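Written below as structure tokens is the structure these notes are about.
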Amino acid sequence: MKYVIGNWKMNLGTRESLALVRGVLRALQGKETVPKIIICPSFTALSEVHKLLTRTRIELGAQNAGPDRAGAYTGEIGLAQLEDIGTKYALIGHSERRVVFHEDDALVRSRLTAVMASTLTPILCVGEPIEVRVRQEASTYVTEQLHAALRDQSIPRSKRLIVAYEPVWAIGTGNTPSVLDAVAMHRVIRDVVRQYAHLDDDRFSVVYGGSVDGETAYQFLREAEIDGVLVGGASLRLREFESIIRAATEVLEAQGTV
Ligand code: PGA
């Protein structure tokens, strides 16, 4: 299985979101093999997009969640609300949350705990800033982020976990790590998740994110170690998002797996 996850960030009104989803659905028509597609629109569009996605092969994700099911958290969206409108996934700890909104490891951890206790599947984002990469300390940095989020975290048997490796310096910049570097970090992440979360390999996936577009998607997706891509800017452009989905489909067809 390969994931193609679209993160629309703080873009598109409800009508534009629906138009883009319709375009993606049209592109999937008649296709037998498709990757697992998850779209994370803005909170304001989630409910309407969910209606359109019912009985389709695209699933709905939120861009953040928690840190609880419900309660006195002005400006936050609770897990009960997300379940109520059919949301199946939630991004947690995206670097824009960590850097711009100063969400620290403790908050990311409590959001993850809340998602773990809900029906949603968490997509936990980790990744190093450029100065850490330059100091060649990226693996340690990412390991610590995972440790902070996963240590003693109780993960129900029915749960899956998706970890997104998104180097901060690759997000929205047009720069990407080499495929070799990305694969190496995916291995580090797998080892840490096995160690801390005691998850069997079939219960977690590791995807790459950061300046993935129609040109670069295939080179990441064809790596066995990389279970998919998390796409920001390029997921807002239908043609480009289509070509990323096509790249994932080609890889799946070549592998003879769906
Ligand atoms: P980008 O964003 O594809 O625009 O680099 C990725 C992300 O932030 O998830």
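Residue numbers (our numbering): 1022 to 1279.
Don't be surprised by glycine CBs; every beta carbon is placed ideally from N, CA and C.
Please read all numbers here as calculations on a predicted model, not as lab measurements.
C-beta contact flag for residue i and residue j at 8 Å
| i | j | result |
| --- | --- | --- |
| ARG1211 | VAL1227 | yes |
| ALA1170 | VAL1129 | yes |
| GLY1087 | VAL1136 | yes |
| ILE1106 | LEU1133 | no |
| LYS1023 | ASP1221 | no |
Cβ-heavy atom distance, residue i to the ligand PGA, below 7 Å
| i | result |
| --- | --- |
| SER1063 | no |
| ALA1203 | no |
| VAL1189 | no |
| LEU1017 | Residue 1017 is absent from the structure shown; the chain starts at 1022 and stops at 1279. |
| SER1232 | yes |
| ILE1059 | no |
| ILE1192 | yes |
| ASN1085 | no |
| HIS1115 | yes |
| ASN1032 | no |
| ASN1196 | no |
Of the listed residues the options, nearest to residue i (C-alpha basis)
| i | options | result |
| --- | --- | --- |
| VAL1184 | ARG1156, VAL1155 and GLY1148 | GLY1148 |
| THR1065 | THR1075, GLY1082, LYS1057 and GLN1050 | GLY1082 |
| GLU1152 | SER1160, ALA1048 and GLY1235 | SER1160 |
| VAL1189 | ARG1178, SER1232 and LEU1167 | SER1232 |
| GLU1080 | ARG1208, ASN1032, GLU1104 and ALA1091 | GLU1104 |
| THR1108 | GLY1096, SER1116 and LEU1074 | LEU1074 |
| ARG1224 | LYS1057, PRO1198 and THR1142 | THR1142 |
| SER1264 | GLU1236, PHE1241 and LEU1251 | GLU1236 |
Residue i - DSSP class collapsed to helix/strand/coil
| i | result |
| --- | --- |
| LEU1073 | helix |
| GLY1114 | coil |
| SER1264 | helix |
| LEU1081 | strand |
| PHE1225 | strand |
| LEU1259 | helix |
| ALA1086 | coil |
| VAL1300 | Nothing can be reported for residue 1300, as the shown portion of the chain is limited to 1022 through 1279. |
| THR1142 | strand |
Assumed close pair residue i, residue j - CB separation to whole angstroms, cut-off 8 Å
| i | j | result |
| --- | --- | --- |
| CYS1061 | GLY1027 | 6 Å |
| THR1054 | THR1270 | 5 Å |
Residue i: CB within 7 Å of a non-hydrogen atom of the ligand NAP
| i | result |
| --- | --- |
| ALA1255 | Inclusion of the ligand NAP in the displayed structure is not the case, the ligand content consisting of the ligand PGA alone. |
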